[in-house]
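A short worksheet on the structure shown next.
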Amino acid sequence: MTPPVSEHPRGFASDNNSGAHPEVLAAIDAANEGHVIAYGDDDYTANARKRFRKHFGTSAEAFFMFNGTGANVASIDALTKPFEGVICTDIAHMNVDECGAPERIAQTKLLTVANTQGKLTPEDVGRWE
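Reminder that position 104 of the sequence shown reads as 109 in the numbering used here, one-by-one numbering, no gaps.
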């Protein structure tokens with residue numbers, strides 16, 4: 006049996022480390038009533054897209070993903086060509102916690118450099134020139 010949450014240290018490495026906020030659960034519960042058209046043709050998706058465009062501009066597009074790994078892989082895939090790579094530190098979330106998904110799915114090589122207090126510096130990037 007898992008010990009109570011109070012006995013675990015708080016972790017902020019991933020959204021998977023904590024439960025959903027009660028207001029989020031209430032909104033999901035409310036959205037679960039009745040039926041709506043699937044695959045993005047519903048009022049919830051239209052409202053979300055409208056809010057994104059209001060905040061980011063009329064040409065903004067939102068692509069809803071199942072989880073963070075999916076979002077990271079889709080972003081990397083959209084921004085890189087097959088012969089390009091992504092420079093990151095050796096302890097970057099993408100390198101340590103994504104279980105190889107960027108390289109396997111997006112077919113984008115992660116080019117790691119030793120970190121300096123977890124940061125990537127211009128000099129670090131220059132090593133790959």
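Each residue gets a CB set at the ideal place from its N, CA and C atoms; glycine is no exception.
* Asked: From what residue to what residue does the beta strand (DSSP E) around G90 run?
  -> G90 to T94
* Hey, could you find the ends of the alpha helix (DSSP H) K59 is sitting in? => D48 to F61
* Asked: Is the CB-CB distance between G123 and T94 below 8 Å?
  -> Result yes, Cβ atoms of G123 and T94 sit closer than 8 Å.
* Inter-residue Cα distance where the pair is H98 and K86 -> 21 Å
* To do: Please confirm whether F57 and A43 have their CB atoms less than 8 Å apart.
  => no
* Asked: Near A65, what residues of its chain come up, given a Cβ to Cβ distance below 6 Å and the 5 sequence neighbours on each side ignored?
  -> F57 and R58
* To do: Please report the residue range of the alpha helix (DSSP H) in which V130 lies.
  => P127 to G131
* Per-residue burial, P9 [other beta carbons within 10 Å of its own, 16 or more giving buried] -> Label assigned to P9: exposed.
* Asked: Can you give the beta carbon distance from I96 to N77, rounded, assuming they're within the 8 Å contact cut?
  -> Not quite, the Cβ-Cβ distance comes to about 16 Å (not below 8 Å), so this is no contact.
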